[in-house]
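Quick note: the sequence shown uses UniProt numbering, first residue 1, plus one each step. No residue lacks a Cβ here, since even glycine has one placed at the ideal position from N, Cα and C.
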Amino acid sequence: MPVYTLPELPYDYAALAPVISPEIVELHHDKHHAAYVKGANDTLEQLAEARETERWGSVNGLEKSLAFHLSGHILHSIYWQNMTGEGGGEPLAADGVGELAEAIAESFGSFASFKAQLSKAAATTQGSGWGVLAYEPLSGRLIVEQVYDHQGNVGQGATPLLVFDAWEHAFYLQYRNQKVDFVEAMWRVVNWQDVARRYAAAKSRTDVLLLAP
Ligand code: MN
């Protein structure tokens, strides 16, 4: 039985149009995300085989493969839920997401500054990567990370809350080489209710690192 399974999309393929075309959503979820799920499960099996046979020659590659596919699965699972056809704007107390709005203002100075940093981080990824808003439990603050592939360039322990997929497969069929335009459009489908829900959950488990004695 596979350990990881592909989650259903919380909407139909056309729900994010015109920001993201139905064709991209279908391919991205059914093919790309599915491949990361399969890759994570296959790698776990290969690691089990390495343990059983005590053949460790490929352990470096397998550990990298596990990080890549598992991180790909996790980031895409968050990505789909981070978006809604009725999204966009900015988080407002009037919409019940005031705590998130305050945390953004405290951590980045203003929503505009946060938006600029995450947009730049996503749009300037070299090769494949992500722009990520994450909750960093040691400081209790929000940070932006620029992730390479799915797993590189991240600090340990931070929890992703809002993720912008900046891989070409996320936009190329519709936006061609205009990654900046895609990132700008992404803000129109952000589901702030989902981001706020993730923020509250991440904050409530700040002792997860157990760094204090
Ligand atoms: Mn992707």
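Does residue i come out as helix, strand or coil in the three-state DSSP assignment?
i    : result
A200 : helix
T43  : helix
G129 : strand
G72  : helix
A15  : coil
V3   : coil
T124 : coil
Y58  : The amino acid at residue 58 is misidentified as Tyr; the sequence shows Ser. Coil.
Any heavy atom of the ligand MN closer than 7 Å to the CB of residue i?
i           : result
residue 220 : Coverage of the chain is limited to positions 1 through 213, which leaves residue 220 absent and any answer about it impossible.
A35         : no
A121        : no
A40         : no
H29         : no
H76         : yes
A48         : no
I need the boundaries of the alpha helix (DSSP H) containing residue i, first residue and last residue.
i    : result
V180 : 179-186
P22  : 22-27
K31  : K31 -> no alpha helix (DSSP H), and no H or E assigned at all.
E106 : 98-108
Looking at the strands, I want to know which residues DSSP matches up with residue i.
i    : result
D165 : W130
R205 : Looking at the DSSP assignment, R205 forms no beta bridge with any residue, so it has no partner.
Q146 : G131
M83  : V190
E63  : DSSP, once it has assigned bridges, lists no residue as partnering E63.
T159 : Y135
R141 : E136
G152 : Y148
Pop quiz: residue i and residue j are said to be a contact at Cβ under 8 Å. What is the actual Cβ separation, rounded to whole angstroms?
i    : j    : result
D149 : S128 : 6 Å
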